[in-house]
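Before any comments, here is the structure.
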Amino acid sequence: MTRPDDLVRAVEATLFAATEPMSAEAISTHLGGADVKAALAQLQATYSERGVQLVERGRRWHFQTAPDLAHLLRREREEVRRLSRAATEVLAIVAYHEPVSRAEIESIRGVQTAKGTLDVLMEAGWVRIVGRRDVPGRPVIYATTPEFLTHFGLSSRRDLPGIDELRAAGLLDPVEDALAAAMDVPGQAEGEAESAATESDEAEHD
Amino acid sequence: MTRPDDLVRAVEATLFAATEPMSAEAISTHLGGADVKAALAQLQATYSERGVQLVERGRRWHFQTAPDLAHLLRREREEVRRLSRAATEVLAIVAYHEPVSRAEIESIRGVQTAKGTLDVLMEAGWVRIVGRRDVPGRPVIYATTPEFLTHFGLSSRRDLPGIDELRAAGLLDPVEDALAAAMDVPGQAEGEAESAATESDEAEHD
Amino acid sequence: MSELDDSPALTLFEDEWQGVATAPQDDAALYLELDGWEGPLDLLLDLARRQKVDLRRISILELVDQYLTYIERAEALRLELAADYLVMAAWLAYLKSALLLPRDEQADPSPEELALRLQLRLQRLAAMRDAAARLLARDRLGRDTFLRGAPEGLRVDRKNNWQCDWFALVQAYGQVKARTAPVVHMVRDRMVMTLDSALSRVSSMLGVNLDWMELRDFLPPHADPRLKRSALASSFVAALELARLGKAELQQEQTFGPLLLRGIKA
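Chains as they are written, first to last, in my numbering: chain A, -16 to 189; chain B, -16 to 189; chain C, 387 to 652.
As structure tokens, then:
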């Protein structure tokens, strides 16, 4: 193997030594302002077939062991948090619908969501409050974090399994919109459908 | 880069994920008894020129940042900061009156001096503790350092202008007058403003 | 979509879940699993999946019957049912009758709409349940992939480079000294024209001239501007005093205009 150039070596060493995933900007700052994009791409290619890989998760980079070696590395003590079924469902709803309010989560699940369920997800660092919905009552709205993407091995929210099919099938739209579309009742929910469309557009930009 | 064989990849991932250096035997046990000697040698060669290296210390193996990049692990970032007005006053008092205790500084300034102010001056390397005053309470006394003289371009403390010179330069005028002169308040101190302007010119030439 | 709807993901990764209904196939087990359901919609979804058809083609009537049967048998077994299961049962019974009875034109929303709404809700819940399972099946950090076990860590030490120049230093000392120097007020002697001398000067000048004269013409010629101001003030007061005594009269055409003065013959 030929010796990589100094910047590549520096980026490699920095990411190996880092205790947290780092954005390209953070790496660049650490290395005195160098442009590290090309070095990251080169490292990613170099490591792609090795036992250790360089991955990007939510615009942050880190080295991790190759997924196909999981069976060799799994440790006796379980380090991954066990999630209740309710928490898992709420996490999926937040991820696929974000930003989303608790009432919206509950309307999908058809059951009240205990405050503790969202707390567990926030404590795990996977969900956070991102603001308030501008409707009466100004409910708090939730979204996923970069740590969520890191933990589940997602480069971005577009990587969420099946999200494109779900969106195409309208399964991420509120029931009201789907109902209006299915019943084809003119004028009943045009405005709603429109506003919902705007909302999911916004969500995509996130 | 060609894909390394599975054993090499497994050893690589195992050592990467290990929390402590591992002996060849321990790695072998972990990987179901495979002979890992050759894989270790191959990995060591592969990484020899990279930003991360595989090293053996006391018969135990671990990855570490390349020695020539060790400086990346601990970066110093220098921030240029202007000394606050309070700190400048305290520094001046130490310079003119050294050695001086904090109580003496306060009585000269007529204002209480935060401990942090002296800490800043010591961090800057301009002031140091030179002993204790032989009075009840044995207060710590401060003096300037050689770095202080160097920074301010003084060959000795005797180079500091005396009180008479300060007065002649208008530097003993009360703050309000100096302010008025600086703001060019009409009618209040036309003549003074003129002389103040001349002074600061002179001072800048120094 | 069929991929999502048909996938038996619910049973694949349930080891992640606590207290999960394990979608039991035999009825006896089913009735004991009430605590496993996350509410009536969850129970309905599981019943719907037993129909083994696409949720979009599900028979709502059949589903309603299954649900109602389930609730009846649970009651027969004296299992304690949460109120929301019973509310759902009542609503579904109403829905069933509305769907079966001759159509009531006034009904709004129509029973078909209510059935469709239920179907849409079940689809959405199913979609999220599958999504959750697929999410959990991904290579998860700390379970399938691992970070470096013993990273050296990056440290950034901030170092302050303090700046201060000679002038700032010396000026600061000057200001300390100026601020803390004992304050002494000096009142300087000023040249003034007293009211008495102004009175005598103005009245004597009025005696020799009977025409209007400007007040300024009464002032003594003097170079010092400070004395001039004092003389003007004193002469003005003297003029007012003479007018009060009826020895002079004052006239001013406009505000801030020249103040004219002339004597009155006694």
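Note that the Cβ used here is the ideal one computed from N, Cα and C, for glycine as well.
Listed by chain order, chain C residues near residue i by CB distance under 9 Å
i         : result
GLY136(A) : ARG524, ASP525, ARG526, LEU527, ASP530, THR531
VAL103(B) : ASN546, TRP548
Residue i (DSSP reduced to helix, strand or coil)
i           : result
ARG64(B)    : strand
ALA180(B)   : Confidence at ALA180(B) is low in this model, with a pLDDT of 35, below 50, so the placement of that residue is unreliable and no value is reported for it.
GLN27(A)    : helix
THR653(C)   : What the structure shows of chain C is the stretch from 387 to 652, and residue 653(C) is not part of that stretch, so it cannot be assessed.
GLY41(A)    : coil
GLU130(B)   : helix
ASP543(C)   : strand
ILE446(C)   : helix
LEU56(B)    : coil
LEU(-10)(B) : helix
ARG111(A)   : strand
VAL123(B)   : strand
SER393(C)   : Confidence is the limiting factor: at SER393(C) the pLDDT is only 35, short of 50, which leaves the residue's position unreliable and the question unanswerable from this model.
MET2(B)     : Rather than Met, the amino acid found at residue 2(B) in this sequence is Thr. Of the three classes helix, strand and coil, the one that applies to THR2(B) here is coil, per DSSP.
ASP412(C)   : Bear in mind that the predicted position of ASP412(C) carries a pLDDT of just 48, short of 50, making it too unreliable to give a figure here.
PHE642(C)   : coil
THR(-3)(B)  : helix
ARG648(C)   : strand
LEU155(B)   : coil
PHE532(C)   : coil
PHE553(C)   : helix
GLN509(C)   : helix
GLN47(B)    : strand
LEU467(C)   : coil
TRP477(C)   : helix
LEU581(C)   : helix
LEU521(C)   : helix
LEU162(A)   : helix
GLN561(C)   : helix
Whole-angstrom C-beta distance between residue j and residue i, which should lie under 8 Å
i         : j          : result
LEU511(C) : LEU429(C)  : Incorrect: roughly 11 Å between the Cβ atoms, too far for contact.
VAL35(A)  : GLU(-5)(B) : 6 Å
TYR125(A) : PRO82(A)   : 6 Å
LEU143(B) : ARG541(C)  : Rounded, the Cβ-Cβ distance is 40 Å, inconsistent with contact.
LEU37(B)  : LEU(-2)(B) : 7 Å
SER621(C) : MET577(C)  : The pair is not a contact, with the Cβ atoms about 15 Å apart (cut-off 8 Å).
ARG92(B)  : GLU106(B)  : At roughly 20 Å, the Cβ-Cβ gap does not stay under 8 Å, so ARG92(B) and GLU106(B) are not in contact.
LEU137(A) : TYR79(A)   : In fact, because the Cβ distance is near 12 Å, the residues do not count as touching under 8 Å.
PRO537(C) : THR2(A)    : 5 Å
LEU592(C) : GLY649(C)  : 3 Å
LEU467(C) : ALA476(C)  : Wrong, their Cβ atoms sit about 12 Å apart, outside the cutoff.
ALA656(C) : LEU454(C)  : Past the boundaries of the shown model lies residue 656(C); chain C is included only from 387 to 652, so the question cannot be answered.
SER84(B)  : PRO122(B)  : 4 Å
ASN546(C) : GLU62(B)   : 6 Å
LEU433(C) : GLN452(C)  : 5 Å
VAL19(A)  : ALA7(A)    : 6 Å
THR133(A) : ARG43(A)   : 7 Å
Where residue i meets chain B, residues with beta-carbon distance less than 8 Å
i         : result
LEU74(A)  : Residues of chain B passing the Cβ test: none, with the nearest at roughly 26 Å.
LYS614(C) : Under the 8 Å cutoff, chain B gives no residues; its nearest Cβ is about 17 Å from LYS614(C).
ARG574(C) : Within chain B, no residue comes near ARG574(C); the closest Cβ sits about 16 Å away, beyond 8 Å.
Proximal residues of chain C, C-beta to C-beta of residue i below 7 Å
i         : result
GLN47(A)  : LEU527, THR531, PHE532, LEU533
PRO144(B) : VAL556
GLU89(B)  : In chain order: nothing, as chain C lies at least about 11 Å away.
PHE107(B) : One point to set straight first is that residue 107(B) is Ala, not Phe, in the sequence displayed. TRP548, listed in chain order.
VAL63(B)  : ASN547, GLN549
Contact set between residue i and chain B, taken where Cβ atoms lie within less than 7 Å
i         : result
SER35(A)  : Reading off the sequence shown, one finds Val at residue 35(A), where the question assumed Ser. Chain B residues near VAL35(A): GLU(-5), ALA(-4), PHE(-1).
VAL578(C) : Here the premise fails: no neighbours, minimum Cβ distance about 21 Å.
Listed by chain order, chain A residues near residue i by CB distance under 7 Å
i           : result
GLN654(C)   : It is not possible to answer for residue 654(C), since the shown part of chain C is limited to 387 through 652.
LEU56(B)    : ALA0
ARG(-14)(B) : GLU32
Where residue i meets chain B, residues with beta-carbon distance less than 9 Å
i          : result
ARG(-8)(A) : GLU32, ARG33, GLY34, VAL35, ALA49, ASP51, LEU52
Under 8 Å by beta carbon: chain C residues contacting residue i
i         : result
MET166(A) : GLU499, LEU502
TYR79(B)  : TYR559
THR133(A) : LEU527
Partner residues on chain A for residue i, Cβ-Cβ distance less than 8 Å
i         : result
LEU654(C) : With chain C running from 387 to 652 in the structure shown, residue 654(C) is simply not present.
Practice task
Output, in sequence order along the chain, the residues in the segment 539 to 558 of chain C whose CB is closer than 9 Å to any CB in chain A.
Solution key: GLY539, LEU540, VAL542
Exercise for the section: Quick one: which residues of the segment 478 to 499 of chain C get their C-beta closer than 7 Å to a C-beta of chain A? List them in chain order. Expected result: GLU499
Problem - Residues in the segment -3 to 21 of chain A having any Cβ partner in chain C nearer than 7 Å - result: Correct list: THR(-3), PHE(-1), ALA0, ALA1, THR2, HIS13.
Exercise for the section: Could you please tell me which residues of the segment 507 to 522 of chain C, in chain order, have their CB closer than 7 Å to any CB of chain A? Expected result: Residues ARG507, GLN509, ARG510, LEU511, ALA513, MET514, ARG515, ALA517, ALA518, ARG520, LEU521, LEU522.
Exercise for the section: Write down every uninterrupted run of the alpha helix (DSSP H) in the segment 64 to 102 of chain A whose length is 4 residues or greater and which is fully enclosed by it, in chain order. Expected result: 68 to 80, 85 to 92
Handout entry: Ranges of the alpha helix (DSSP H) found wholly within the segment 584 to 647 of chain C, counting only runs of at least 4
Key = 611 to 630
Problem - Residues of the segment 148 to 163 of chain A whose Cβ lies closer than 7 Å to any Cβ of chain C, in chain order - result: Taking 7 Å as the Cβ-Cβ cut-off against chain C, the residues of the segment 148 to 163 of chain A that qualify are GLU148, LEU149, ALA152, LEU154, VAL158, ALA161, LEU162.
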